[in-house]
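Heads up, the thing below is written out as structure tokens.
Protein chains: 2
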Amino acid sequence: MTLEGKLLIGQDAVSGSSKPINAINPATNETLEPTYVGGTIAEAERACELAETAFATYSETSLEERATFLETIASEIEGIGDELIERAMAESGLPKARLEGERGRTCGQLRLFASVVRAGEWLDVRIDPAMPDRQPMPRADLRQRHIGLGPVAVFGASNFPLAFSVAGGDTASALAAGCPVIVKGHSAHPGTSELVGRALQRAVKTCGQPEGTFSLLFGSGSEIGQALVADPRIQAVGFTGSRGGGTALMKTAQSRSQPIPVYAEMSSINPVFLMPEALKARGKQIAEGFVASLNMGAGQFCTNPGLVVAAKGPELDAFIESAAEGVKASGSQTMLTPGIFDAYEQGVKRLSNSGKVREAFRGKVGETPNQCQAGLFITSATDFLGDPELQEEVFGSTALVIECADQEEMKRVAAQLEGQLTITLQVDNGDVQAAQQLMPTLERKAGRILANGWPTGVEVCHAMVHGGPYPATSDSRTTSVGSSAIHRFLRPVCYQALPEALLPEALKDSNPLGVSQLVNGKRE
Amino acid sequence: MTLEGKLLIGQDAVSGSSKPINAINPATNETLEPTYVGGTIAEAERACELAETAFATYSETSLEERATFLETIASEIEGIGDELIERAMAESGLPKARLEGERGRTCGQLRLFASVVRAGEWLDVRIDPAMPDRQPMPRADLRQRHIGLGPVAVFGASNFPLAFSVAGGDTASALAAGCPVIVKGHSAHPGTSELVGRALQRAVKTCGQPEGTFSLLFGSGSEIGQALVADPRIQAVGFTGSRGGGTALMKTAQSRSQPIPVYAEMSSINPVFLMPEALKARGKQIAEGFVASLNMGAGQFCTNPGLVVAAKGPELDAFIESAAEGVKASGSQTMLTPGIFDAYEQGVKRLSNSGKVREAFRGKVGETPNQCQAGLFITSATDFLGDPELQEEVFGSTALVIECADQEEMKRVAAQLEGQLTITLQVDNGDVQAAQQLMPTLERKAGRILANGWPTGVEVCHAMVHGGPYPATSDSRTTSVGSSAIHRFLRPVCYQALPEALLPEALKDSNPLGVSQLVNGKRE
């Protein structure tokens, strides 16, 4: 199809009248057509109005109808074909295989949420039957289900133009919860966003959902995004991006006359703890796995392993030597945007110039624009513990190794970490006792703890937690990947002594939805 | 026992050195001994330090151990005997039967959470087994459980000196979640707080829990409370009180370098919709039930029915006549504190002087101090819709009746309501269709919808939602009454490919805790 450079508001495609946005091919710095003229506040308001109207109908779709809608979105995205992959490659500099994989992940995610919707666990149905003869007071019949919060604003992420953008995880989980979604597309990939947005628009129409179920806005700067978060009809926000961006949205959300939840996934350096026996037994192999994880996607993953913590000694020296060799042999990779490339260069410079870095190894220099040159830096635990700046995320293929005097110092480093998405342990049988000592600290610091693997590659499943204490995310009680993500957009409602005719389907005596129920606190 | 007027920090009882606090018997305005000298920031810090230390041990107590601890608290409270009821009567002006009932509720609540802890549903165990042969990529073993957030600050409520104070719902649910608790006792009932605090202290000791599991602070003004919420070791806040108090804590919590969740239960006027057939069939009976609910506890309940919405006509006139008779016959009742009495008087005056009130009926004037004189006011829907101030809570036995032109205007009133804890429908068979039309609006406005009953009397059970959209609470995704309240203080952690020896008990292959598991998204 021909990209039109338009905002998608309900079933309409409209031209904006604010500042123009053009995608840039980061591999060439070439400007890509068409121009997307940003929306104004009037357009954000129109999208909110439609979403608000849609909520009453969309939030009460049957489980089957809603699941089918999610599956239709997936089919529509697949139906776009190669055009989607080609445009996403041009806009992101990401290789074809990665984007094909990401498309699979995006559609798989939509289908997972379809199955989650059908299973109905998310309704968390609870029934406490009436006890008319209870002494001293009878008990009324009490039933609980969960409903959607209302319209949700989603901010597309730069680093996942498909899986965490227009029809990505936030959108899929909000739609699964029964919430209409307004996406603010990322300015780095407006064409990819339009293609996916059109697919979503078609799915809304095919499935007969109210048009306000989905809208897609563009806008440079923060005006449109802030207007969305401030709009009284928006009831929750999903965001993946920088700490500065996330905290600005949190502030706006809290300043509203009715504050709303913001689910911002922001920054994480994903520490890796090398336990002594593992380091001794397979330091070289660990170093290889580490460099591969560090280089994946030019390090532009929320779960990139940016910190390695180990006790010093010949085993760590050998690990560093292997890792340094790997880094030095690393070819350069195109970064997502010129802005991300500049920020990476500055981050690396900040590390180099900190005066705290003992040694630095760098990968190959690129010859084309926006090339990520891998980096490995080494510092002492003393310096790390004394300088909070060394915990700042460098978004790209750069990591810092912390040399600790001993296990006790490794524990002190763990205790001083900021909140993280992941913490990795390289651990052998002989390390178990030492690792057990670390576990309580690690659990307080991260949403996911993994052993003998690498944090990149986040499985979309039921047990996943892609979340963690601040500043990894704005809300450690949730996850943005996996089926639990639906809970972010739900709230409980209790129905007391309601006539059968007024009870929602999920709570009727005959259990027509066939969902799991907690009756008097027992699972039935 | 002799009350000592001390702060309880861990196992110590220490004298504060800030401003003195004395309880006042609101029935007589007599000052009660002893004097509680408020704590300083140093004492808040000491309590936080102990709580932080306690967390690692207390959060990993076995289900049985934690449940027994909660039950021991209940037994210790019962063991205080009449002294607790007498002191609470003197400090609150509440009658004996009510306080005995409230003690039963408090201990029942602790025992409910003991059973919730044992059942282990709150762990939300999810297991996605490894799929080593999956193509194109194998899946690692992934397991999820929930853990406590960390130390929790709880603010005692004035209107429930037992059930929402030192060992009340917030404390019970936080302790159930594995979080140490620091209570800021309400200055209206420090003696009751000390008695219950000592019971908690004994339970901590008897059960061998770390001393920082519980502390009790006093302080006039907001200094100690704000210091607690700002302390980096505190990870969540439970509060029941005024909108001003709640929003001040929210602001502090959001301004921290690591923002934390605040669960504030603030203000609600609990609208009652009288549907036409119900009004016609049993207007007089409804009026009697309404006045009884309005007068319960001098109207000092979060769920007091402060708003009645109905279409005008002879049936509504008859209802008003009956209700007015009931109100005029209502004897005065002692309010909880001189401050609450003053605020009530001002609230009633604000209504009377608003120029929007068509008629007013008042109950009997009291002869002793701090007497709540019941009130019933009437206004038109037009005036109500035009004046947001008429939605402000008047904490006490006063309600406002909104006369609507018709059902459509009732809907417009519903749509303009702020967030509520409850909405009540008086509804007969012939009203079902009209009520169905209202339901989607009511569900967005309230945490609990009830039919043909009254909102006062909140059942402590599994299906209860004592929560609702802002400003009823700061977080509509939760409840502060009932077993779901435990979820406020939990966060998920995912364990990927961890050796069995590093897995928490709840997640081990043999399921030693015997808890419900979601395996590959299916309940087992």
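Quick note, the sequences are listed as chains C and R, same order. Positions 151 to 674 (my numbering) are the ones given, in order, by the first sequence. Positions 151 to 674 (my numbering) are the ones given, in order, by the second sequence. Note that the Cβ used here is the ideal one computed from N, Cα and C, for glycine as well.
Considering only C-alpha positions, which residue in the set P654/C, R276/C, P245/C and L182/C is nearest to M447/C?
The amino acid occupying residue 447/C in the given sequence is Gly; Met does not appear at that position. Residue P245/C is the option with its Cα nearest to G447/C.
Consult DSSP for E485/C and reduce its assignment to one of helix, strand or coil.
Checking the sequence, you will find Met at residue 485/C rather than Glu. Note: M485/C maps to coil in three-state DSSP.
When DSSP labels each residue in this structure, what does P170/R get in the three-state scheme?
Three-state DSSP puts P170/R in a strand.
For A585/R, which residues of its own chain have a beta-carbon under 7 angstroms away from its beta-carbon, when the five flanking residues on both sides are left out?
So the qualifying residues of the chain are M425, L575 and V577.
If we call anything under 8 angstroms between Cβ atoms a contact, is G525/C one with S504/C?
Cβ atoms of G525/C and S504/C: not closer than 8 angstroms.
Mind pulling the chain C residues with CB within less than 9 angstroms of Q408/R?
Neighbours of Q408/R on chain C, chain order: E568, G569, P619, Y620 and P621.
Out of E215/C, C357/C, A428/C and E674/C, which one is the CA nearest neighbour of V582/C?
Minimum Cα distance to V582/C is reached at A428/C.
Is it right to say Q523/R is buried, meaning 16 or more other beta carbons lie within 10 angstroms of its own, or is it exposed?
Buried is the call here.
Name the chain C residues whose beta carbon is nearer than 9 angstroms to that of I636/R?
Near I636/R there are no residues of chain C at all, since even the closest Cβ is about 12 angstroms away, more than 9 angstroms.
Output, in chain order, the set of chain C residues within a Cβ distance shorter than 7 angstroms of Q294/R.
A613 and V615, listed in chain order.
Residues of chain D with CB closer than 7 angstroms to the CB of D278/C, please, in chain order.
The displayed structure is made up of protein chains C and R, and chain D is not among them.
Excluding the 5 residues preceding and the 5 following T390/C in the sequence, name in chain order all residues of the same chain whose CB lies nearer than 6 angstroms to its CB.
So the qualifying residues of the chain are A307, F314 and E415.
In the segment 237-283 of chain C, which residue ranges form an unbroken alpha helix (DSSP H) of at least 4 residues, counting only runs that do not cross its ends?
Taking only runs of at least 4 residues, the alpha helix (DSSP H) segments lying wholly in the segment 237-283 of chain C are 246-269.
Using DSSP's beta-bridge definition, name the partner residues of I528/R.
In the DSSP output, where bridge partners are listed per residue, I528/R has E509/R and V551/R.
Q404/C CB to nearest chain R CB: under 8 angstroms?
It does; some Cβ of chain R falls within 8 angstroms.
Can you confirm whether the segment 531-547 of chain R touches the segment 492-501 of chain R when touching is taken to mean that 3 or more C-beta pairs between the two stretches lie within less than 8 angstroms?
Because the criterion of three Cβ pairs below 8 angstroms is met, the segment 492-501 of chain R and the segment 531-547 of chain R touch.
Please name the residue, chosen from F205/C, E553/C, L345/C and P409/C, that lies closest to A460/C on a Cα-to-Cα basis.
Of F205/C, E553/C, L345/C and P409/C, the residue nearest in Cα terms is E553/C.
So that I know if they touch, is there some Cβ in chain C lying closer than 8 angstroms to that of T629/R?
Yes, its Cβ sits closer than 8 angstroms to a Cβ of chain C.
Under 8 angstroms between the Cβ atoms of A327/R and L640/R?
Contact flag set, yes.
Give a yes or no on whether 8 angstroms exceeds the smallest Cβ distance from M589/R to chain C.
M589/R counts as touching chain C.
Work out the CA separation of A474/C and G607/C for me, nearest whole Å.
One C-alpha to the other measures close to 23 angstroms.
Based on the DSSP output, what are the partners of L200/R in its beta bridges?
DSSP lists no partner for L200/R.
In terms of residue numbering, what span does the alpha helix (DSSP H) encompassing V582/R cover?
Residues V582 to K595.
Going by CA-CA distance only, name the one from G603/C, L535/C, T518/C and Q570/C that's closest to G243/C.
Answer by Cα proximity: T518/C.
Spell out whether any CB of chain R is found under 8 angstroms from the CB atom of R598/C.
Judged by the 8 angstroms Cβ criterion, R598/C is in contact with chain R.
Check the Cβ-Cβ distances between C198/R and every residue of chain C, and say whether any is below 8 angstroms.
No, its Cβ sits nowhere closer than 8 angstroms to a Cβ of chain C.
For G396/R, which residues of its own chain have a beta-carbon under 7 angstroms away from its beta-carbon, when the five flanking residues on both sides are left out?
Closer than 7 angstroms at Cβ, skipping near neighbours: F389, A414, M416 and S624.
So, is E134/C buried or exposed, given that buried needs 16 or more other C-beta atoms within 10 angstroms?
Here chain C covers residues 151 to 674 and nothing more, so residue 134/C does not appear.
Closer than 7 angstroms, Cβ to Cβ, to anything on chain R: give me those residues from the segment 648-669 of chain C, in chain order.
From the segment 648-669 of chain C, only L648, P649, A651, L652, S666 and L668 have a Cβ closer than 7 angstroms to chain R.
To the nearest angstrom, how far is it from the Cα of G335/R to the Cα of E252/R?
Cα to Cα, the separation comes out at about 17 angstroms.
Rounded to a whole number of angstroms, what is the C-alpha to C-alpha distance between A240/R and S666/C?
So the alpha carbons of these two residues sit roughly 48 angstroms apart.
Chain C beta carbons: is any one of them nearer than 8 angstroms to that of C644/R?
For C644/R, the answer is yes, since a Cβ of chain C falls inside 8 angstroms of its Cβ.
Would you mind telling me which residues of chain C sit closer than 9 angstroms to I297/R, beta carbon to beta carbon, in chain order?
Those within 9 angstroms of I297/R in chain C are E593 and R594.
Along chain C, in chain order, which residues have C-beta atoms closer than 8 angstroms to that of A290/R?
By Cβ distance, chain C contributes L600, G603 and E609.
Going by C-alpha to C-alpha distance, which of E344/R, L312/R, I374/R and T484/R sits closest to K169/R?
That would be I374/R, whose Cα lies nearest to the Cα of K169/R.
Rounded to whole angstroms, what is the Cα-Cα separation between S337/C and T629/C?
Those two C-alpha atoms are separated by around 25 angstroms.
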